[in-house]
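One gets this note's numbering by counting positions in the sequence shown from 1 and adding 1029 to each.
All residues carry an ideal CB built from backbone N, CA and C; glycine is no exception.
It should be emphasised that the depicted structure is a prediction, and the values quoted were computed from it without experimental measurement.
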Amino acid sequence: TVYGPWGRPDMAYFLFTKAIMNGTPIKVFNHGDLYRDFTYIDDIVDGIARIIEERNDIKIPEGKVYNIGNSTPVNLLYFIETLEKIIGKKAVKEYNPMQPGDVYKTCADVSGLEQDFGFRPHTSIEYGMQIFVDWYRSYYKI
1030 TVYGPWGRPD MAYFLFTKAI MNGTPIKVFN HGDLYRDFTY IDDIVDGIAR
1080 IIEERNDIKI PEGKVYNIGN STPVNLLYFI ETLEKIIGKK AVKEYNPMQP
1130 GDVYKTCADV SGLEQDFGFR PHTSIEYGMQ IFVDWYRSYY KI
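Below is the structure:
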């Protein structure tokens, strides 16, 4: 799950931020027992730039695919708590069962990227969401 300023407004981090600030309920699926590998946008950009800049310096098979992700799944309830702390307001949670077709846990395997380019995304959810919320407040003048 890539997140950050100028992100997609239909993503959970965007929807949750708006709802918490407005005091409207957020839907918490599987009663919060879900994990997502949130990756801050700057880490994605840095990873792509590293591959572009260094691809000719190392021998890698043509067409090799790299996964760029934080590889540190975050529990949904911890994610919501982090947002609550940053925003300074408690979320109104509406607990729901697991959605059909949803996955319990996402986690990027960045071993190829780390092995070939010495790069591993590093932005913590606390730091990245603080930047996002600051941007959100500024952009929406809240």
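Under DSSP, ARG1065 takes part in a beta bridge, and its partners are VAL1103. Contact between ILE1055 and LYS1122 holds: their C-beta atoms lie close to 6 Å from each other, under 8 Å.
Between the C-alpha atoms of TYR1095 and ILE1154 there is a straight-line separation of about 22 Å. The secondary-structure analysis by DSSP pairs LYS1134 across a beta bridge with TYR1064.
Around the beta carbon of VAL1139, a 10 Å sphere encloses 16 or more other beta carbons of the protein chains shown; the residue is thus reported as buried. Taking the C-beta atoms as reference points, GLY1098 is found nearer than 9 Å to ALA1137.
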